[in-house]
Amino acid sequence: METIAADTGRVRVRFSPAPSGSLHVGSARTALFNYLFARRHGGTFILRIEDTDQSRSRDEWARAIEDALGWLGLNYDEGPVFQSQRTEEYRRAADDLLTRGLAYECFCTEADIKARSATSTQPDQTPGYDGFCRDLTPEHRGQAKAAGKTASLRFRTPDTGVSRFTDAIRGEVRVEWSSIPDFVIVRADGNPLFYLANAVDDLAMEITHVIRGEDLIDSTHRVLVLRAAIASTPPPVYAHLPLILGPDRAKLSKRHGAVALEEFRSAGYLPEAVANYLALLGWSPKDGREIMDLDEVVAEFGLDSVTHAAAAFDHDKLDWVNGEWIRRLTLGELEARIRPLADARFGERLDPEIFRAALAVGQERAVTLVELLAQMDFLFAGDEFSISDEAWAKVTGTDQVEAVLTVVVAHLADCEWTIEGVDLRSPLSEAGFKVRKVMPAIYACIEGRPSGLPLFDSLVLLGREVAIERVAAVQERLAGTV
RNA sequence: GCCCCCAUCGUCCAGCGGCCCAGGACGCCGCUCUUUCAAGGCGGUAACGGGGAUUCGAAUUCCCCUGGGGGCACCA
145 METIAADTGR
155 VRVRFSPAPS
165 GSLHVGSART
175 ALFNYLFARR
185 HGGTFILRIE
195 DTDQSRSRDE
205 WARAIEDALG
215 WLGLNYDEGP
225 VFQSQRTEEY
235 RRAADDLLTR
245 GLAYECFCTE
255 ADIKARSATS
265 TQPDQTPGYD
275 GFCRDLTPEH
285 RGQAKAAGKT
295 ASLRFRTPDT
305 GVSRFTDAIR
315 GEVRVEWSSI
325 PDFVIVRADG
335 NPLFYLANAV
345 DDLAMEITHV
355 IRGEDLIDST
365 HRVLVLRAAI
375 ASTPPPVYAH
385 LPLILGPDRA
395 KLSKRHGAVA
405 LEEFRSAGYL
415 PEAVANYLAL
425 LGWSPKDGRE
435 IMDLDEVVAE
445 FGLDSVTHAA
455 AAFDHDKLDW
465 VNGEWIRRLT
475 LGELEARIRP
485 LADARFGERL
495 DPEIFRAALA
505 VGQERAVTLV
515 ELLAQMDFLF
525 AGDEFSISDE
535 AWAKVTGTDQ
545 VEAVLTVVVA
555 HLADCEWTIE
565 GVDLRSPLSE
575 AGFKVRKVMP
585 AIYACIEGRP
595 SGLPLFDSLV
605 LLGREVAIER
615 VAAVQERLAG
625 TV
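Numbering-wise (my numbering), the first sequence opens with residue 145 and increments by one.
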């Protein structure tokens, strides 16, 4: 039977995560590439939740994954399809395979298998299954069941020959069947396993291209042989993406910092930037552009230009991309994006007017939204304003600070309260101070940190009264110290 | 242990037999701009893992080694 997909040549891809945790950047990249491919070819992008393992799956994780995809801007056209609701489909396929002798009941427990391999004459052999129940007679099976044993279902893999498939980005991949043991397709409790559900669903959903991580490359042979046993429909094209490693080229983990998409979000990264960076990890446009939005990437995306080697996640480069994106937003867009984070950080103390103005001066220097907010702490800290040790060192490390601050207070007390009026350069140099030398100390008094928003803009936003108070507080502290 | 995939600057990529004593980006280092720190501008540092083979000619093709990653679950 020809499928609609085959008839029209329509591309249908799916992102199929297991809801056993929030969306990991590696999975996000896989989702992204599926999305890009679908959009590039006017195809359909489907979300399928692979939750056949009851013990590891949780609804809240499925929701978290959907949220993360939405945040990234990867909207799907179909789904989510939950495999846990399609158990009957898998069971029917499994029964058929059993009936046809392509699969068999296995009564071995994990402990049985482990025990046998431990006493094997050839220790350290392949950790897989040894085929113990492969040719059990009906009598044996009857005895096992009578003894109360439950059976899992194993697929009988070929003993000889080679399994091969052509990977869209790696070319032909081949492996000897002898290295692939009979594998379980239905658990003893009746629930299907990944291989089965995967084969059945890709068939049922008429998936044309399977784009996933390279960690699944070896499982392809199993899914393919299973699929062929279930139906004669031509298999989809497989494309295995290079994995994303940590900066040290080891498996990317929490140890390397943020790994869940949600963490990047709360750390102040823009979805455009994360998607942009992820697209560049393993792919690049012909002209070498770096900063691109999703549509621009879609316009040029192709599996043939995907890299083969695993890539190390580079936080520095992500930071740069994020900064570029922050600068690309209009002030209004930036404000809309950062507002939730700002409310969480400053609450009632946030003054919308001042906030917007501060945003304007901070936009051109920010790396992340959170970092941008941190630069505004001095504006909305209220009574909790304090000077960091690092900043205080700038104060005490400046020659004649007291005299400098006296000049500062004098000027701030009766200058015009505008960017120009608040300019301390003239009064300072007229008093004989080197502006560049003395600036850090003044900066520290006002903003409490060694770096951040430009001083004169900051003074204007802070207001004359508070500004003078802060300098005065430092003068008192210095007097008390001396 | 066995199997699979991969291999260009510190990192991400370009390169698909001559245009390459290898190009771009991040980082890093200078310089510049400058009211702190950034951002910006300019410049610099830095790589084809090793050995064979094919060829008039290899970063580019083939083989071996080495190295890195992944897999070998009643996880996906």
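Idealized CB from N, CA, C, for every residue including glycine.
Here the structure is a predicted model, which is why all the values come from computation and not from measurement.
Can you give me the C-alpha to C-alpha distance between phenylalanine 159 and arginine 356, rounded to a whole angstrom?
Residue numbering aside, residue 159 sits at position 15 when the first sequence is read from its first letter. Residue numbering aside, residue 356 sits at position 212 when the first sequence is read from its first letter. Distance between the alpha carbons of phenylalanine 159 and arginine 356: 8 angstroms.
Going by Cα to Cα distance, which pick from His168, Asp195, Val157 is closest to phenylalanine 177?
For the purposes of this step, residue 177 is taken as the residue at position 33 of the first sequence. Comparing Cα-Cα distances from phenylalanine 177 to each of His168, Asp195, Val157, the minimum goes to Val157.
My guess is that histidine 365 and valine 330 are in contact by the Cβ rule of under 8 angstroms, so how many angstroms apart are they, rounded?
On the first sequence, position 221 is the one that residue 365 refers to. On the first sequence, position 186 is the one that residue 330 refers to. At roughly 19 angstroms, the Cβ-Cβ gap does not stay under 8 angstroms, so histidine 365 and valine 330 are not in contact.
Would you report the Cα separation of threonine 147 and histidine 400, rounded to the nearest angstrom?
One-based indexing of the first sequence puts residue 147 at position 3. One-based indexing of the first sequence puts residue 400 at position 256. With a pLDDT of only 34 at threonine 147, under the threshold of 50, the placement of this residue in the model should not be trusted; the figure read from the coordinates follows. If I take the Cα positions, the gap works out to 45 angstroms.
Whether leucine 447 touches phenylalanine 181 by CB criterion (8 angstroms)
Along the first sequence, one-based indexing puts residue 447 at 303. Along the first sequence, one-based indexing puts residue 181 at 37. Their beta carbons are under 8 angstroms apart, which means leucine 447 touches phenylalanine 181 by this criterion.
In chain order, what residues of the same chain have a beta carbon less than 8 angstroms from the beta carbon of isoleucine 257, not counting five sequence neighbours either side?
The residue given as residue 257 occupies position 113 in the first sequence. Only Tyr273, Asp274, Phe276 meet the Cβ criterion.
How many Å lie between alanine 455 and methionine 436 at the Cα?
Counting from one through the first sequence, the residue named residue 455 turns up at place 311. Counting from one through the first sequence, the residue named residue 436 turns up at place 292. Rounded to the nearest angstrom, the two C-alpha atoms are 19 angstroms apart.
Hey, is the stretch 213–220 in contact with the stretch 162–177, meaning 3+ C-beta pairs nearer than 8 angstroms?
yes
Using a 10 Å radius around the Cβ and a threshold of 16 neighbouring Cβ atoms, would you call valine 344 buried or exposed?
If you number the first sequence from 1, residue 344 lands on position 200. Per the 10 Å Cβ criterion, buried.
Per DSSP, the bridge partner or partners of tyrosine 382:
Within the first sequence, residue 382 is the residue found at index 238, counting from 1. Tyrosine 382 is bridged to Asp311, Val354.
What is the DSSP secondary structure of proline 161, reduced to helix, strand or coil?
Here residue 161 refers to the residue found at position 17 of the first sequence. It is coil, neither helix nor strand.
Backbone secondary structure at serine 573 - three-state DSSP:
Within the first sequence, the letter at position 429 stands for residue 573. Serine 573 falls in the helix class under three-state DSSP.
Could you check where the alpha helix (DSSP H) with valine 604 kicks off and where it finishes?
Working through the first sequence from its first residue, we reach residue 604 at position 460. Counting along the chain, the alpha helix (DSSP H) containing valine 604 begins and ends at 599–606.
Given a cut-off of 8 angstroms, decide if proline 584 and threonine 542 are closer than it, judged by their beta-carbon atoms.
For the purposes of this step, residue 542 is identified with residue 398 of the first sequence, where counting begins at 1. For the purposes of this step, residue 584 is identified with residue 440 of the first sequence, where counting begins at 1. Yes.
Restricting to Cα atoms, I'd like to know which of Arg308, Thr253, Glu609, Met349 is closest to leucine 191.
Indexing the first sequence from 1 puts residue 191 at position 47. The candidate whose alpha carbon is nearest that of leucine 191 is Met349.
Suppose you measure from the CA of tryptophan 321 to the CA of arginine 308; what does that come to, to the nearest Å?
Residue mapping note: residue 321 aligns to position 177 of the first sequence, counting from 1. Residue mapping note: residue 308 aligns to position 164 of the first sequence, counting from 1. About 10 angstroms.
How long is the line joining the alpha carbons of glycine 426 and arginine 184, rounded to whole angstroms?
On the first sequence, position 282 is the one that residue 426 refers to. On the first sequence, position 40 is the one that residue 184 refers to. Each residue's Cα considered, the two are about 17 angstroms apart.
Indicate the three-state DSSP secondary structure (helix, strand or coil) for alanine 588 in the structure shown.
Walking along the first sequence from the start, residue 588 turns up at place 444. DSSP places alanine 588 in helix when its eight states are reduced to three.
For glutamate 416, which residues in the same chain have their Cβ closer than 7 angstroms to its Cβ, ignoring the five residues on either side in sequence?
For this step, residue 416 is matched to residue 272 along the first sequence. Excluding residues within five positions, the ones whose Cβ falls inside 7 angstroms are Asp437, Trp469.
Just checking my contact of glycine 592 with phenylalanine 529 at CB under 8 angstroms: how many whole Å lie between their CB atoms?
In the first sequence, the residue the question calls residue 592 occupies position 448. In the first sequence, the residue the question calls residue 529 occupies position 385. With 8 angstroms as the limit, glycine 592 and phenylalanine 529 qualify as a contact, their Cβ atoms being about 6 angstroms apart.
Out of Pro282, Leu280, Leu606, His384, which one is the CA nearest neighbour of alanine 312?
As a first step, residue 312 must be located in the first sequence, where it is residue number 168. Per the Cα distances, His384.
Taking leucine 422 as the reference, give the member of Pro271, Thr451, Leu572, Tyr248 with the closest Cα.
What you label residue 422 is simply residue 278 of the first sequence in a count that begins at 1. Nearest of Pro271, Thr451, Leu572, Tyr248 to leucine 422, Cα basis: Thr451.
Alpha helix (DSSP H) containing glutamate 679: first to last residue?
With the chain running from 145 to 626 in the structure shown, residue 679 is simply not present.
Tryptophan 561 and arginine 608: beta carbons closer than 8 angstroms?
Along the first sequence, read from residue 1 onward, the residue named residue 561 stands at position 417. Along the first sequence, read from residue 1 onward, the residue named residue 608 stands at position 464. Cβ atoms of tryptophan 561 and arginine 608: closer than 8 angstroms.
Exposed or buried, arginine 614, counting other C-beta atoms within 10 Å across all chains shown (16 or more means buried)?
Along the first sequence, read from residue 1 onward, the residue named residue 614 stands at position 470. Burial call: buried.
Fully enclosed by the stretch 412–460, which alpha helix (DSSP H) runs are 4 residues long or longer?
415–424, 438–444
Can you say whether serine 296 is buried or exposed, counting buried as having 16 or more other CB atoms within 10 angstroms of its CB?
In the first sequence, the residue the question calls residue 296 occupies position 152. Classification of serine 296: buried, given that the 10 Å Cβ count is 16 or more.
Is it buried or exposed, alanine 611, if we count other Cβ atoms within 10 angstroms and call 16 or more buried?
Start at 1 with the first residue of the first sequence, and residue 611 comes out as number 467. Classification for alanine 611: buried.
Rounded straight-line distance, which links the Cα of lysine 430 to that of aspartate 439:
In the first sequence, the residue the question calls residue 439 occupies position 295. In the first sequence, the residue the question calls residue 430 occupies position 286. The alpha-carbon atoms of aspartate 439 and lysine 430 are separated by roughly 15 angstroms.
Going by beta carbon distance, what residues of the same chain come within less than 7 angstroms of aspartate 487, once the five residues before and after it are set aside?
Counting from one through the first sequence, the residue named residue 487 turns up at place 343. So the qualifying residues of the chain are Leu494.
For alanine 443 and glycine 186, what's the separation of their Cα atoms in angstroms?
For the purposes of this step, residue 443 is taken as the residue at position 299 of the first sequence. For the purposes of this step, residue 186 is taken as the residue at position 42 of the first sequence. Cα to Cα, the separation comes out at about 11 angstroms.
Per DSSP, histidine 168 forms a beta bridge with which residues?
Stepping through the first sequence from its first residue, residue 168 is reached at position 24. Ala404, per the DSSP bridge assignment.
Starting from tyrosine 248, follow the beta strand (DSSP E) in both directions and report where the run begins and ends.
For the purposes of this step, residue 248 is taken as the residue at position 104 of the first sequence. Tyrosine 248 -> beta strand (DSSP E) spans 247–250.
Alpha-carbon spacing of alanine 172 relative to tryptophan 536, whole angstroms
Here residue 172 refers to the residue found at position 28 of the first sequence. Here residue 536 refers to the residue found at position 392 of the first sequence. The straight-line gap from Cα to Cα measures roughly 43 angstroms.
Proline 224 versus leucine 368 - alpha carbon distance
The sequence position of residue 224 within the first sequence is 80, counting from 1. The sequence position of residue 368 within the first sequence is 224, counting from 1. Each residue's Cα considered, the two are about 24 angstroms apart.
Using alpha carbons as the reference points, say which of Asp346, Arg314, Pro378, Leu389 lies closest to isoleucine 689.
Since the first and last residues shown for the chain are 145 and 626, residue 689 lies out of range.
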